[in-house]
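Colleague: Just passing along the structure, written as structure tokens.
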Amino acid sequence: MKGRREEFELSQIRTTSAAFLESYNRTLPAGYPRASTALLRKFQAAHPTLFKHGDQWSVALHRKRMMDWLSSNSQLV
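If you want it as structure tokens, here you go:
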């Protein structure tokens, strides 16, 4: 089992949008809207200040915000 410190460190790693999308949808609680590549692009366009490192995503920085954004923009899903 992973320790809390190791989980924290893994959540900080910057990754590609494809890897983030796979991880995001795999770990999403039941009942939450799933993301797609198109939705990631719309989120990125709506929140450019979260992408100061280009097209790099991290669980720590983007997961919660993506969940909130998808929930409040359910017409996009």
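Numbering (the working numbering), first residue to last: 166 to 242. Just so you know, even glycine gets a beta-carbon here, dropped at the ideal spot from N, CA and C.
Can you tell me whether residue 210 is buried or exposed, with buried defined as 16 or more other CB within 10 angstroms of its CB?
Modeller: Flag for residue 210 reads exposed.
Colleague: Determine, using beta carbons only, whether residue 198 and residue 235 come nearer to each other than 8 Å.
Modeller: Cβ atoms of residue 198 and residue 235: closer than 8 Å.
Colleague: In the DSSP assignment, the alpha helix (DSSP H) including residue 234 goes from what residue to what residue?
Modeller: It spans 224-237 - the alpha helix (DSSP H) in which residue 234 sits, taken as one unbroken run.
Colleague: Could you check the C-alpha separation between residue 239 and residue 220 for me, to the nearest Å?
Modeller: Their backbone Cα atoms lie some 24 Å apart in a straight line.
Colleague: Between which two residues does the alpha helix (DSSP H) holding residue 182 run?
Modeller: Looking at the DSSP string, the run of the alpha helix (DSSP H) that includes residue 182 is 182-192.
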